[in-house]
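S.K.: In our numbering, the protein residues as written are 1138 to 1472. Positions of the beta carbon are idealized from the N, C-alpha and C atoms, including for glycine. Small disclaimer: the values here were computed from a predicted structure and weren't measured.
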C-alpha cells in the first residue's frame, strides 16, 4: 500500500490531477469541454477550433493542454430546428512522469427555437479515453539501496503504464434569449463523467479510480452598443470532487471594418480566476478567422514558485459559412 501511495505522488500529485479535467482560461472558445449542447450551434456551416495551453512555465515540469474540435450543423427545413454534430480530441500531459490523457470525443446536439427569441437545446458527448505515463523518470523506494539509487533494481510495482481505455459520457442543456442579433444571453448546465469511468493504472488488481462527476454552469452575455462596439461578459463555475473553479470574463469587440469580405474586429479584455490568476487577452476576427491569445498572471500563493508566470494560451478558429444562392428572377417575355 505504501508503494502505491508513493507511486501516486511520483506521477505528479495524482490526487489533484485526477480530481479535475482539462480547463482553459479562454473557456468560451472551448465548446468541447464547456457544453456539448453548443456543438454545431453557431452562425455558419462548418467550424474548426484549436485550443493550446502551456501552464506554469517557470516550474521544472510545466503542464501542456491541447484541444481540437470540428463541428457542423444541419438546419431542418420543416421547422428550422438545428442538429449539431462533431468530433474532437483532448490531450493533456503533466509532471516528470508525463502523465497524459488522450480522449477522442463525439458530439451531438439538438436545438429548437421557441417563438422568435427563445432557443433551447440538449447535447451529448460520448468519448473513448486513455491515461498513460512514462516510467523513465519515476523513482521507487525499492530502488534505494540505503546509500544510493539503483535504476536496475525492479520497482516490484504491478501497474500498467498505458492504463486502460475507458468509455466516458457527458451531457448538457442550453437556453438562449435573443433580443437583437448582437444582444443576447445564454445559459448552459453540463454534467461530465456521468457514468463514473474507471481510470486506474492498477485495473488488473481490481483497484478502481473512478472519475468524479464534473458539474458545470456557464453564462454569456453580448450587448451591442451603437454600430461599432459590443460588450461581452461571461462566467463559468465548475466543481469536481474537491476541486472548484470560478472564472469571470469581461471583453469588448470593436468593429474596425464592416465591409463584407474584409471584416476585421478587435477583441480586448481581461479574465479573472478566483484565488489564482488575472488573465489579460487580445484577439482578432478577420473574415472567417478568429485568433485570440491570453496570459495567466498568477496571483495565488504558488506565485512564489512561478514568479507570477502562469502561462500562455492560444485559441484559433475557422468558421465556414456557405454563400446562399441568389434566387432566379424570371423576366416577363416581350411580345
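For the pair the segment 1346 to 1359 and the segment 1202 to 1213, tell me if three or more CB-CB distances fall below 8 Å.
M.R.: Segments in contact, no.
S.K.: Between which two residues does the beta strand (DSSP E) harbouring residue 1306 extend?
M.R.: Here residue 1306 refers to the residue found at position 169 when the chain shown is read from its first residue. Looking at the DSSP string, residue 1306 is not in any beta strand (DSSP E), and its letter there is neither H nor E.
S.K.: How is the alpha helix (DSSP H) around residue 1419 delimited, first residue to last?
M.R.: If you number the chain shown from 1, residue 1419 lands on position 282. Note, residue 1419: premise wrong, no alpha helix (DSSP H); beta strand (DSSP E) at 1414 to 1423.
S.K.: Use the C-beta contact count for residue 1240: other C-beta atoms within 10 angstroms, 16 or more gives buried, fewer gives exposed.
M.R.: Within the chain shown, the letter at position 103 stands for residue 1240. Result: buried.
S.K.: Taking one C-beta from the segment 1179 to 1190 and one from the segment 1253 to 1267 each time, how about it: are there three or more such pairs within less than 8 Å?
M.R.: No contact exists between the segment 1179 to 1190 and the segment 1253 to 1267.
S.K.: Which one of 1290, 1328 and 1269 has the shortest CA to CA distance from residue 1279?
M.R.: For the purposes of this step, residue 1279 is taken as residue 142 along the chain shown, with counting starting at 1. Of the listed residues, the one whose Cα sits closest to residue 1279 is 1290.
S.K.: For a test of the three-state rule: what should DSSP assign to residue 1179, helix, strand or coil?
M.R.: For this step, residue 1179 is matched to residue 42 along the chain shown. Looking at residue 1179 - three-state DSSP - the assignment turns out to be coil, as it is neither helix nor strand.
S.K.: Work out the CA separation of residue 1413 and residue 1431 for me, nearest whole Å.
M.R.: Taking the chain shown and counting its residues from 1, one reaches residue 1431 at position 294. Taking the chain shown and counting its residues from 1, one reaches residue 1413 at position 276. Taking the straight line from one Cα to the other gives about 15 Å.
S.K.: Suppose you measure from the CA of residue 1223 to the CA of residue 1407; what does that come to, to the nearest Å?
M.R.: Indexing the chain shown from 1 puts residue 1223 at position 86. Indexing the chain shown from 1 puts residue 1407 at position 270. Taking the straight line from one Cα to the other gives about 30 Å.
S.K.: Between which residues of its own chain and residue 1218 is the CB-CB distance below 6 Å, once the five residues before and five after are set aside?
M.R.: Here residue 1218 corresponds to residue number 81 of the chain shown, with the count starting at 1. Excluding sequence neighbours, residue 1218 sits near 1249.
S.K.: Straight-line CA distance for residue 1376 to residue 1327?
M.R.: For the purposes of this step, residue 1376 is identified with residue 239 of the chain shown, where counting begins at 1. For the purposes of this step, residue 1327 is identified with residue 190 of the chain shown, where counting begins at 1. So the two alpha carbons sit approximately 11 Å from each other.
S.K.: Starting from residue 1326, follow its DSSP beta bridges and name the residues at the other end.
M.R.: The residue you call residue 1326 lines up with position 189 of the chain shown. Paired residues: 1310 and 1354.
S.K.: Find out if the Cβ-Cβ distance for the pair residue 1371, residue 1258 is shorter than 8 Å.
M.R.: Walking along the chain shown from the start, residue 1371 turns up at place 234. Walking along the chain shown from the start, residue 1258 turns up at place 121. No, these two residues do not count as a Cβ contact at 8 Å.
S.K.: Go ahead and pull the three-state DSSP assignment for residue 1282.
M.R.: Residue numbering aside, residue 1282 sits at position 145 when the chain shown is read from its first letter. Residue 1282 falls in the coil class under three-state DSSP.
S.K.: In its own chain, which residues sit with a C-beta less than 7 Å from the C-beta of residue 1436, not counting the 5 before and 5 after it?
M.R.: Translated into positions along the chain shown, residue 1436 becomes position 299. Result list for residue 1436: 1413, 1414 and 1415, in chain order.
S.K.: If you reduce the DSSP assignment to three classes, tell me which class residue 1170 lands in.
M.R.: Counted from its first residue, the chain shown places residue 1170 at position 33. Reduced to three states, the DSSP call for residue 1170 is helix.
S.K.: Look at the Cβ atom of residue 1350, then the Cβ atom of residue 1331, and state whether they are nearer than 8 Å.
M.R.: For this step, residue 1350 is matched to residue 213 along the chain shown. For this step, residue 1331 is matched to residue 194 along the chain shown. A contact, by the Cβ cut-off of 8 Å.
S.K.: Can you grab the Cα-Cα spacing for the pair residue 1084 / residue 1454, in whole Å?
M.R.: No information on residue 1084 is available, as it lies outside the stretch 1138 to 1472 that the chain covers here.
S.K.: Can you tell me whether DSSP reads residue 1161 as helix, strand or coil?
M.R.: Translated into positions along the chain shown, residue 1161 becomes position 24. Residue state, collapsed to three classes: coil.
S.K.: Near residue 1179, what residues of its chain come up, given a Cβ to Cβ distance below 7 Å and the 5 sequence neighbours on each side ignored?
M.R.: Here the question's residue 1179 lines up with position 42 in the chain shown. 1456.
S.K.: Rank 1422, 1385 and 1404 by C-alpha distance to the C-alpha of residue 1397 and give the top, closest one.
M.R.: Counted from its first residue, the chain shown places residue 1397 at position 260. Minimum Cα distance to residue 1397 is reached at 1422.
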